[in-house]
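Here is the structure we will look at, set down as structure tokens.
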Amino acid sequence: MILQIKELSDLATRVLSAERLEHTLKVAEWAEELARHHGLDPVKARCAGLAHDLAKEIPLNNQLRFARRWKLLHYPEDEQSPYVLHGPVAAYWLEHYYGLKDVEVIAAVANHTLGRPGMCRLEMLIYSADLTESSRDFPKVDILRQSLYDDLEKGTLACVEHTLIYLRESKRPIHPLTQLTYDDLQRRQSIGTGS
Ligand SMILES: [Fe+2]
Ligand SMILES: [Fe+2]
Numbered sequence: 398m399i400l401q402i403k404e405l406s407d408l409a410t411r412v413l414s415a416e417r418l419e420h421t422l423k424v425a426e427w428a429e430e431l432a433r434h435h436g437l438d439p440v441k442a443r444c445a446g447l448a449h450d451l452a453k454e455i456p457l458n459n460q461l462r463f464a465r466r467w468k469l470l471h472y473p474e475d476e477q478s479p480y481v482l483h484g485p486v487a488a489y490w491l492e493h494y495y496g497l498k499d500v501e502v503i504a505a506v507a508n509h510t511l512g513r514p515g516m517c518r519l520e521m522l523i524y525s526a527d528l529t530e531s532s533r534d535f536p537k538v539d540i541l542r543q544s545l546y547d548d549l550e551k552g553t554l555a556c557v558e559h560t561l562i563y564l565r566e567s568k569r570p571i572h573p574l575t576q577l578t579y580d581d582l583q584r585r586q587s588i589g590t591g592s
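Convert by adding 397 to the 1-based position in the sequence shown; the result is the number in my numbering.
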């Protein structure tokens with residue numbers, strides 16, 4: 398079975414609460430708009446947006462159980478903060494149980510919470526659209542949205558930086574992948590591989 402927008406939309410409607418579904422639809426809409434603007438595949442962007450939080454409402458102990466079984470745990474922090482697992486768990490589930498084949502969509506779902514060094518543009522898009530969809534309301538969110546519109550890579554760097562500042566200020570743990578993602582995007586900007 399090849400997953401399409403309709404199937405993913407039905408799946409999201411079936412497994413998510415009304416509130417999470419609303420967020421999901423907004424991420425999908427914003428991701429599609431950014432994809433059209435930046436010349437990326439709008440169907441892939443919408444699919445990844447619809448799929449990104451499909452595992453978010455699975456109880457954390459079950460997410461942890463799936464992550465152990467499917468060998469998705471790579472850092473001690475994954476177990477200490479299991480809320481970061483819903484991306485990899487959803488990606489594995491969609492790939493192995495629902496026949497999702499597109500490697501970029503799978504990666505975008507898997508890495509939407511923490512990022513990773515070497516993200517492709519679709520991964521950047523979903524990471525950033527998740528943070529800046531239309532119902533997000535925090536100081537500077539409009540600046541981030543404009544930055545993403547102007548330059549996807551620079552905008553994503555700004556989104557990761559925003560997340561790091563938020564985590565530091567609220568004294569929450571910083572997962573090593575988020576720091577590595579920031580360092581990688583900064584390096585890519587400084588050597589001129591930015592979009
Ligand atoms: Fe998420
Ligand atoms: Fe989300």
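Ideal placement from N, C-alpha and C gives every residue a C-beta, glycine not left out.
Residues in its own chain within less than 7 Å of residue i by CB, not counting five upstream and five downstream?
i: Ser-525; result: Leu-545, Gly-552, Thr-553, Cys-556
i: Leu-470; result: Ala-464, Glu-476
i: Ala-488; result: Ile-503, Val-506, Ala-507
i: Asp-527; result: Val-424, His-449, His-509
i: Val-481; result: Asp-475, Thr-510, Leu-511, His-572
i: Asp-407; result: none
i: Cys-517; result: Glu-501, Ala-504
i: Arg-417; result: Asp-450, Lys-453, Glu-454
i: Ala-409; result: Leu-418, Thr-421, Leu-447, Leu-451
Taking 6 Å as the limit between beta carbons, can you name the residues of its chain near residue i, skipping five residues before and five after?
i: Arg-443; result: Ile-402, Ala-425, Glu-429
i: Leu-461; result: Pro-479
i: Arg-433; result: Pro-439
i: Leu-405; result: Cys-444, Leu-447, Ala-448
i: Ser-531; result: Lys-423
i: Thr-537; result: Here residue 537 is Lys; the residue named in the question, Thr, does not match the sequence. Hits under 6 Å: none found.
Buried or exposed for residue i, going by 16 or more other Cβ atoms inside 10 Å?
i: Thr-529; result: buried
i: Asn-459; result: exposed
i: His-483; result: buried
i: Leu-522; result: buried
i: Lys-441; result: buried
i: Arg-585; result: buried
i: Glu-550; result: buried
i: Tyr-472; result: exposed
i: Leu-431; result: buried
Ordered along the chain, which non-local residues of its own chain (more than five positions away) have a Cβ less than 8 Å from that of residue i?
i: Leu-413; result: Thr-421, Asp-450, Leu-451, Lys-453, Glu-454
i: Thr-575; result: Leu-511, Gly-512, Val-557, Thr-560, Leu-561, Leu-564
i: Val-486; result: Ala-452, Ile-455, Gln-460, Phe-463, Ala-464, Trp-467, Leu-469
i: Ser-520; result: Per the sequence shown, the amino acid found at residue 520 is Glu instead of Ser. The answer, listed in chain order, is Glu-501, Ala-504, Ala-505, Asn-508, His-509, Gly-512, Arg-513.
i: Arg-411; result: none
i: Trp-490; result: Leu-451, Ala-452, Phe-463
i: Leu-541; result: Ser-525, Leu-528, Thr-529, Gly-552, Ala-555, Cys-556, His-559
i: Gly-515; result: Asp-581
Inset, instruction - Anything with a beta carbon under 7 Å from a heavy atom of ligand 4 counts; list them all in chain order. - result: In the structure on display, ligand 4 does not appear, and the ligands it does have are ligand 1 and ligand 2.
Inset, instruction - At 4 residues or longer, and completely inside the stretch 509-584: list those alpha helix (DSSP H) runs for me, N to C. - result: 518-529, 538-547, 549-566
Inset, instruction - Would you list, in sequence order, the uninterrupted alpha helix (DSSP H) runs of no fewer than 4 residues that lie entirely inside the stretch 433-464? - result: 439-448
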